[in-house]
Amino acid sequence: MSTKKVLIIMGSDSDFDQLEPAWKVLETLGVRYQVRVASAHRTPAVVRELAEGARDAGFGVVLAAAGGAAHLAGVIAAHTTLPVVAVPIANGTLGGMDALLSSVQMPPGIPLASVGIAGAKNAGLFAASILGASDPAVATGLADFRKAMHDKVSKADAKVQQRTS
Numbered sequence: 412m413s414t415k416k417v418l419i420i421m422g423s424d425s426d427f428d429q430l431e432p433a434w435k436v437l438e439t440l441g442v443r444y445q446v447r448v449a450s451a452h453r454t455p456a457v458v459r460e461l462a463e464g465a466r467d468a469g470f471g472v473v474l475a476a477a478g479g480a481a482h483l484a485g486v487i488a489a490h491t492t493l494p495v496v497a498v499p500i501a502n503g504t505l506g507g508m509d510a511l512l513s514s515v516q517m518p519p520g521i522p523l524a525s526v527g528i529a530g531a532k533n534a535g536l537f538a539a540s541i542l543g544a545s546d547p548a549v550a551t552g553l554a555d556f557r558k559a560m561h562d563k564v565s566k567a568d569a570k571v572q573q574r575t576s
């Protein structure tokens, strides 16, 4: 079990289903996490408190999921020096493009990473990679995860080769 945790913050509980793959993959890798709902616009003091207290609470990475203007990740990044990964939520008339662009177009000085629209699983894996840089158990879990993916593709290839021979 990792010594550091991942803080997962969604801007709305309507983001739950799109964000769930992040904590599911963290569970698979044995990485502890906490999930919260806090809005950059409707509960800014809560967002600030979570961000400012994250390091002391034992978190090593923050995942921030929001749609639309998607200011959540940027606001969190402004209040912590921990790595922040934006998870743009697919919703609204632009299908998440607005959230993606808001996430990747941060002004100089307050950087954050971003995964693709509805990319929660990759966000969880990226958070684990960040923690794995200093935690051998998490790094081993990631290596095992990737080997399982490799083995699955190899089996699929063998099956296709057999069917087409």
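Here the sequence shown stands for residues 412 to 576, where the numbers follow this note's numbering.
Virtual Cβ for every residue (Gly too), placed ideally from N, Cα, C.
Bear in mind the structure is a predicted one, so any value in this text is a computation, not a measurement.
Original post:
By the 10 Å Cβ neighbour count, where 16 or more other Cβ atoms means buried, how is residue 465 classified, buried or exposed?
Top reply: Within the sequence shown, residue 465 is the residue found at index 54, counting from 1. Buried, because 16 or more other Cβ atoms sit within 10 Å of the Cβ of residue 465.
**OP:** Kindly indicate which residue of 516, 489, 491 has the alpha-carbon position closest to the one of residue 499.
**Re:** As a working note, residue 499 is residue 88 in the sequence shown. Checking every option, the nearest Cα to that of residue 499 belongs to 516.
Subject >> Cβ-based neighbour list, residue 440, same chain, cut-off 6 Å, excluding 5 preceding and 5 following >> reply: Counting from one through the sequence shown, the residue named residue 440 turns up at place 29. Excluding positions up to five away in sequence, the list reads 539, 552.
Original post:
Taking the DSSP output, what are the residues bridged to residue 495?
Top reply: In the sequence shown, residue 495 corresponds to position 84, counting from 1. The partner list for residue 495 (beta bridge, DSSP) reads 473.
Original post:
If you draw a straight line from the C-alpha of residue 573 to the C-alpha of residue 560, how long is it?
Top reply: Looking up residue 573 in the sequence shown gives position 162. Looking up residue 560 in the sequence shown gives position 149. Rounded to the nearest angstrom, the two C-alpha atoms are 20 Å apart.
Original post:
Is the region 503 to 511 touching the region 443 to 457 in the sense that three or more CB pairs, one from each, lie closer than 8 Å?
Top reply: no
**OP:** Could you check what DSSP says for residue 571 in three-state terms: helix, strand or coil?
**Re:** Counted from its first residue, the sequence shown places residue 571 at position 160. Of the three classes helix, strand and coil, the one that applies to residue 571 here is helix, per DSSP.
**OP:** Please indicate yes or no: does the CB of residue 429 lie closer than 7 Å to some heavy atom of the ligand NAD?
**Re:** Although the ligand NAD was asked about, the structure shown includes no ligands whatsoever.
**OP:** Evaluate residue 564 with the Cβ neighbour count: other Cβ atoms within 10 Å of its Cβ, from every protein chain shown; 16 or more gives buried, anything less gives exposed.
**Re:** Walking along the sequence shown from the start, residue 564 turns up at place 153. The residue in question, residue 564, is exposed, as its Cβ has fewer than 16 Cβ neighbours within 10 Å.
Original post:
So what does DSSP say about residue 447, is it helix, strand or coil?
Top reply: As a working mapping, residue 447 is identified with position 36 in the sequence shown. Of the three classes helix, strand and coil, the one that applies to residue 447 here is strand, per DSSP.
**OP:** Please specify which runs of the alpha helix (DSSP H), each continuous and at least 4 residues long, are wholly inside the region 507 to 541, giving them in chain order.
**Re:** 508 to 515
**OP:** Sort out for me which residues DSSP pairs residue 420 with in a bridge.
**Re:** Here residue 420 corresponds to residue number 9 of the sequence shown, with the count starting at 1. DSSP lists 447, 475 as partners of residue 420.
Original post:
Where does residue 566 fall in DSSP's three states?
Top reply: Position 155 of the sequence shown, counted from the start, is the residue given in the question as residue 566. Residue 566 falls in the helix class under three-state DSSP.
Subject >> Residue span of the alpha helix (DSSP H) that contains residue 435, given as start and end >> reply: Sequence index remark: in the sequence shown, residue 435 carries index 24 (1-based). Here the alpha helix (DSSP H) through residue 435 covers 427 to 440.
Subject >> residue 503 classed as buried or exposed, judged by whether at least 16 other C-beta atoms fall within 10 angstroms >> reply: Counted from its first residue, the sequence shown places residue 503 at position 92. Residue 503 should be labelled exposed.
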